[in-house]
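The opening position of the sequence shown corresponds to residue 1 in the UniProt record's numbering, with each subsequent residue numbered one higher.
Data block below; observations after.
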Amino acid sequence: MTLTEQLSTLSSILARGDLHSLFQPIVSLSERRILGYEALTRGPSNSALHSPLNLFSIARQAGRLSELELSCRDSACRRFSQQKLPGKLFLNVSPESLLETSHPPGRTLEMLRRYQIAPKDVVIELTEQMPTDDFDLLYDALHHYRDMGFSIALDDLGAGYSSLRLWSELRPDYVKIDRHFIDGIHQDAVKREFVGSMLQMAKASRATVIAEGIELPEELAALKDMGVDLVQGYLLARPQERPPRDTRAMLPKAETISAPLNEEAADLSALLNPQPSVSQPVHAHS
1 MTLTEQLSTL SSILARGDLH SLFQPIVSLS ERRILGYEAL TRGPSNSALH SPLNLFSIAR
61 QAGRLSELEL SCRDSACRRF SQQKLPGKLF LNVSPESLLE TSHPPGRTLE MLRRYQIAPK
121 DVVIELTEQM PTDDFDLLYD ALHHYRDMGF SIALDDLGAG YSSLRLWSEL RPDYVKIDRH
181 FIDGIHQDAV KREFVGSMLQ MAKASRATVI AEGIELPEEL AALKDMGVDL VQGYLLARPQ
241 ERPPRDTRAM LPKAETISAP LNEEAADLSA LLNPQPSVSQ PVHAHS
């Protein structure tokens, strides 16, 4: 499909509102309940713009990113409200769209009123795809949301161009650790050290950590042992139009979410967490 054809397809999608909202639950391990859902978007199933990567890339090239994000937001709020899903709604927002001069103020609040969703139940999830240079404008834009009662989350921590500076300056309520640091964390002491550092920074800045992209039971067990409570990923539930409403089918029995660490990982964990551990003692087995 040529660029011209893709731009034409994008125009058609936006004109018809032909977007599909999927929801992936974010689960609290300690409370065994769903904190909320991240809203994700797909284009029409038979389209080259079905993939969100293609869809948002073309919108960015066309200068219509803000328009697309607002359309995604409307679809997500409508479906969230129709299904009466429990907990919070996490809405993805890119810094670029917030900084676009065409970004209309007040539209999100208007949507929430229409769909009867309270601002306190919405988390604006900042996704960083491009370098962000204008921190002052971004700070003002996000505090505009915060002043209206929304919470703020920083997505893909550790993967963006300037995510640590964003964390320091924006002081989000939630930080989501990038999948790169979660993949195989039960076998990788260095990744555990990175995540341990993020947990310490979160504690210092009063942010709550969410580990996303969890695919293996061993990853979940390692994160739980490190003190991560909020989790998200294919292991628990894939993004769905009609997601699960409780954790019964998602979480194993509490006593099974535990895995021994290898000695190297345990040594690093002890360095990062000087307090006495409450988990099971680590034994070396051949």
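Glycine included, each C-beta is placed from N, C-alpha and C at the ideal position.
The model shown is predicted, which means the values in this text are computed figures rather than measured ones.
Excluding the 5 residues flanking it on each side, Val-209 has same chain C-beta neighbours closer than 7 Å at Val-175, Ile-177, Met-198, Leu-199, Ala-202, Val-228, Leu-230, in chain order.
No Cβ-Cβ contact shorter than 8 Å links Leu-65 with Ser-30. The residues Gln-6, Gly-43, Ala-48, in chain order, have a CB closer than 8 Å to that of Asn-54 in the same chain once the five nearest residues on each side in sequence are set aside. The C-alpha of Val-190 is placed about 42 Å away from the C-alpha of Leu-3.
For Arg-114, the closest of Asp-74, Pro-52, Asp-155, Gly-233 by C-alpha to C-alpha distance is Asp-74. The continuous alpha helix (DSSP H) containing Tyr-139 extends over residues 135 to 147. For Ser-21, the uninterrupted beta strand (DSSP E) run begins and ends at 20 to 28, by DSSP.
DSSP lists Phe-23 as the beta-bridge partner residues of Gln-240. For Phe-181, the closest C-alpha among the options Phe-135, Leu-220, Arg-165, Glu-38 is that of Leu-220. In this structure, DSSP gives Thr-2 a state outside helix and strand, which the three-state scheme calls coil. Nearest in C-alpha terms to Leu-170, of all of Asp-188, Arg-146, His-186, is Arg-146.
Classified as buried, Arg-192 has 16 or more neighbouring CB atoms from the shown chains inside 10 Å of its CB. According to the DSSP assignment, Phe-56 belongs to the alpha helix (DSSP H) that extends over 52 to 62. By the CB criterion at 8 Å, Pro-244 and Pro-86 fall outside the cutoff. Distance from the CA of Arg-16 to the CA of Glu-100, rounded to the nearest whole angstrom, comes to 23 Å. At least 8 Å separates the beta-carbon of Phe-80 from that of Val-123. As a beta-bridge residue in DSSP terms, Val-123 pairs with Phe-90, Ser-151. For the 8 Å CB-CB criterion, Glu-241 and Leu-22 form a contact. The C-beta of His-186 has 16 or more other C-beta atoms within 10 Å across all chains shown, which makes the residue buried.
By the CB criterion at 8 Å, Ala-76 and Leu-98 fall outside the cutoff. Assigned with DSSP and collapsed to three states, Tyr-174 falls in strand. For Arg-78, the CB contacts under 7 Å within the same chain, skipping 5 residues up- and downstream, are Tyr-115 in chain order. Taking a 10 Å sphere around the C-beta of Met-111, we find 16 or more other C-beta atoms and assign the residue as buried. Distances from the CA of Ser-12 to each of Ser-28, Met-250, Glu-67, Glu-38 were compared; the closest alpha carbon is that of Glu-67. If you draw a straight line from the Cα of Arg-238 to the Cα of Ser-51, it comes to about 15 Å. The beta carbon of Pro-172 sits closer than 6 Å to the beta carbons of Ile-152, Ala-153, Leu-154, Ala-207 from its chain, once the five residues preceding and following it are set aside; these are given in chain order. Following the DSSP letters along the chain, one finds Ile-182 in no beta strand (DSSP E) but inside the alpha helix (DSSP H) bounded by residues 179 to 182. Burial state of Leu-137 is exposed, judged by a 10 Å Cβ sphere holding fewer than 16 other Cβ atoms. When beta bridges are read from the DSSP output, Tyr-37 appears opposite Pro-25, Leu-89.
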